[in-house]
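See structure below.
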Amino acid sequence: MKTITLGSTGIVTPQNAFGALPVQRDDMETSVKILRRAYEGGMTFFDTARAYTDSEEKIGNALSDVREKIFIATKTAATTPEGFWKDLETSLRLLKTDYVDIYQFHQASQCYKPGDGTGMYEAMLEAKAQGKIHHIGITAHKIKVAEEAVESGLYETLQFPLSYLSGERELALVEKCREKNMGYIAMKALAGGLINNSSAAFAWMQQFDNVLPIWGIQRMTELEKFLAFFENPAEMEGELLEIIEKDRRELAGDFCRGCGYCLPCPAGIKIYDCARMSLMIRRAPTRNWISEEWQAEMAKIENCIHCGKCQTKCPYGLNAAEILAKNYEDYKKIISGEIKV
């Protein structure tokens, strides 16, 4: 298994890390088993956030006895120093630790800097001086914020979406991080579930020597696929290359990544699922997608009031109402049998 050094942090870890957002959907016992198996299987880097409900608590329960052998990155979505300190103290308590390896501004809407009037970067510096955090990071979904953070030289890590569906501007961001000796933590390496071949996704990531993918894992079966790469790393050749090229042809462009930041919807539409239905029903064909429950969910698109809130909140600036309408028309044709999948 290839190891990488995460920029100027000096953190050395296998290029195969655990993203703990999905375990918030599991019960405590299941989560602890999954997290412990991840550690025992070779993973040493675990990423979570204060916003991920009980994810931090689950990591604390599963891994506190091996704290010195792992790296923990968590995040605060606070926008005031008061909120920052409240989040940090809560995270430390739930994680059962007295320090966080990397503390990140979560989905930052701006690049916090010293003297910008918010006091947020100063709070990071003080937390680092106190030894409560070891390294300062930032996560973003808007590429302008990410680019500014890299250019600022103020952050040791950047967390940003990256997959083999990413465009040239995103790939340039990876290179800029390398030039700045800044660690790149790759979220959404499976493009929000649209990439359904873990071997292809893993193999593609291996070409970068400064990128650490965090795989969002909810089930033991998912975890085992990634743990298997410790013994048999997938390589970007042959069939996997063909899969990557095929996915790029079919998926690259304006598609919903499933991040969920558009919610809640005033009309009760499950935007992140409904806006991807055309792709999901073809890439992961299952009768579940045409169940009465999902037909009812898709029908809610008819109640869209075109308020525009989803588009203003979308980190990628997608016209969600338009994408939903197209998916619904396609879906109705599938239900009627006019289109076969």
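Letter by letter, the sequence shown follows residues 0 to 340 in numbering that gives the first Met the number 0. Just so you know, even glycine gets a beta-carbon here, dropped at the ideal spot from N, CA and C. Predicted model, so just to flag it, every value in this text is computed and none were measured.
Original post:
How big is the Cα-Cα spacing for K325 and A122?
Top reply: On the sequence shown, position 326 is the one that residue 325 refers to. On the sequence shown, position 123 is the one that residue 122 refers to. Taking the straight line joining both Cα atoms gives about 45 Å.
**OP:** Let me know if T220 comes out buried or exposed under the rule of 16 or more other beta-carbons within 10 Å of its beta-carbon.
**Re:** One-based indexing of the sequence shown puts residue 220 at position 221. By the Cβ neighbour-count rule, T220 is exposed, with fewer than 16 other Cβ atoms within 10 Å of its own.
Subject >> Beta-bridge pairing of Y12 - partner residues as DSSP gives them >> reply: Translated into the one-based positions of the sequence shown, residue 12 becomes position 13. Tyr is not the amino acid found at residue 12; the sequence shown has Thr there. BP columns for T12 point to I3.
Original post:
Can you give the Cα-Cα distance for I101 and E167, rounded to whole angstroms?
Top reply: The residue labelled residue 101 in the question sits at position 102 within the sequence shown. The residue labelled residue 167 in the question sits at position 168 within the sequence shown. Approximately 27 Å, taken between the alpha carbons.
**OP:** Enumerate in chain order the residues of its own chain whose CB-to-CB distance from G130 is below 7 Å, with the five nearest sequence positions on each side excluded.
**Re:** Locating residue 130 in the sequence shown gives position 131, where the first residue counts as 1. For G130, where only same-chain residues beyond five positions count, the Cβ hits under 7 Å are Y98.
Subject >> Alpha-carbon to alpha-carbon, T96 and I58 >> reply: The residue you call residue 58 lines up with position 59 of the sequence shown. The residue you call residue 96 lines up with position 97 of the sequence shown. Their Cα atoms are separated by approximately 10 Å.
Original post:
Apart from the five residues on each side of it in sequence, which residues of its chain come closer than 6 Å, Cβ to Cβ, to S277?
Top reply: Here residue 277 refers to the residue found at position 278 of the sequence shown. Here the set comprises N326 and D329.
**OP:** To the nearest angstrom, report how far apart I132 and E28 are at their CA atoms.
**Re:** Taking the first residue of the sequence shown as 1, we reach residue 132 at position 133. Taking the first residue of the sequence shown as 1, we reach residue 28 at position 29. Going from the Cα of I132 to the Cα of E28 covers about 28 Å.
Original post:
To the nearest angstrom, how far is it from the Cα of K32 to the Cα of Y51?
Top reply: The count along the sequence shown starts at 1 and reaches residue 32 at position 33. The count along the sequence shown starts at 1 and reaches residue 51 at position 52. Separation of K32 and Y51 (C-alpha to C-alpha, rounded to the nearest whole angstrom) is 18 Å.
Original post:
With 16 other CB atoms within 10 Å as the buried threshold, where does C343 fall?
Top reply: This structure gives no information on residue 343, because the portion of the chain shown stretches from 0 to 340.
Original post:
First and last residue of the alpha helix (DSSP H) that includes D272?
Top reply: By one-based count along the sequence shown, residue 272 stands at place 273. From DSSP, the alpha helix (DSSP H) with D272 extends over I270 to C273.
Original post:
Going by DSSP, which residues form a beta bridge with G136?
Top reply: Counting from one through the sequence shown, the residue named residue 136 turns up at place 137. By DSSP's assignment, G136 forms a beta bridge with Q103 and T156.
Original post:
Near A77, which residues of its chain fall below 6 Å by C-beta distance, leaving aside the five closest residues on each side in sequence?
Top reply: Position 78 of the sequence shown, counted from the start, is the residue given in the question as residue 77. For A77, where only same-chain residues beyond five positions count, the Cβ hits under 6 Å are F83 and D86.
**OP:** Tell whether a beta-carbon distance below 8 Å holds between P232 and Q206.
**Re:** Indexing the sequence shown from 1 puts residue 232 at position 233. Indexing the sequence shown from 1 puts residue 206 at position 207. Between P232 and Q206, the C-beta gap is not smaller than 8 Å, which leaves the two residues out of contact.
Original post:
For I213, which of M42, E321 and V11 has the nearest alpha-carbon?
Top reply: Position 214 of the sequence shown, counted from the start, is the residue given in the question as residue 213. Checked all of M42, E321 and V11; the closest Cα to I213 is M42.
**OP:** Would you check if there are 3 or more beta carbon pairs closer than 8 Å linking the segment 293-306 to the segment 239-254?
**Re:** Verdict: no, contact absent.
Original post:
With respect to the alpha helix (DSSP H) encompassing V173, which residues constitute its N-terminal and C-terminal limits?
Top reply: For this step, residue 173 is matched to residue 174 along the sequence shown. First-last of the alpha helix (DSSP H) with V173: E167 to E178.
Original post:
Exposed or buried, F17, counting other C-beta atoms within 10 Å across all chains shown (16 or more means buried)?
Top reply: As a working note, residue 17 is residue 18 in the sequence shown. Buried, by the Cβ-count rule.
Original post:
Name the DSSP beta bridge partners of M181, please?
Top reply: Numbered from its first residue, the sequence shown carries residue 181 at position 182. Beta-bridge annotation (DSSP): M181 is not paired with any residue.
Original post:
Y111: which of A128, T75 and L93 sits nearest, CA to CA?
Top reply: For this step, residue 111 is matched to residue 112 along the sequence shown. If we check each option's Cα against that of Y111, T75 comes out closest.
**OP:** Please work out which residues of its chain come closer than 8 Å, Cβ to Cβ, to P113, disregarding the five sequence neighbours upstream and downstream, and give them in chain order.
**Re:** Position 114 of the sequence shown, counted from the first residue, corresponds to residue 113. Correct list, in chain order: Y120, E121, L124 and L153.
Subject >> Where I304 falls, given that 16 or more other Cβ within 10 Å makes a residue buried >> reply: In the sequence shown, the residue the question calls residue 304 occupies position 305. Classification of I304: exposed, given that the 10 Å Cβ count is below 16.
Original post:
So what does DSSP say about V340, is it helix, strand or coil?
Top reply: By 1-based counting over the sequence shown, the position of residue 340 is 341. V340: coil per DSSP, three-state reduction.
Original post:
If we count the other Cβ atoms within 10 Å of its Cβ and call it buried at 16 or more, is V11 buried or exposed?
Top reply: The sequence position of residue 11 within the sequence shown is 12, counting from 1. Answer is exposed; the Cβ neighbour count stays below 16.
Original post:
Sorted by chain position, which residues of the same chain lie with C-beta nearer than 8 Å to P255's C-beta, five sequence neighbours on each side aside?
Top reply: Position 256 of the sequence shown holds residue 255. Here residue 255 turns out to be Cys, not Pro, going by the sequence shown. These residues qualify, in order along the chain: G191, I270, Y271, A274, R275, L317, A319 and I322.
**OP:** For I213, name the three-state secondary structure that DSSP assigns.
**Re:** Reading the sequence shown from its first residue, position 214 is the one you call residue 213. Residue state, collapsed to three classes: strand.
**OP:** Kindly list the residues whose CB is nearer than 7 Å to the CB of E155, restricted to its own chain and excluding five residues on each side of it in sequence; keep chain order.
**Re:** Here residue 155 corresponds to residue number 156 of the sequence shown, with the count starting at 1. Counting only Cβ-Cβ distances below 7 Å, and skipping sequence neighbours, we find G6, S7, T8, H134, I135, G136, M181 and G182.
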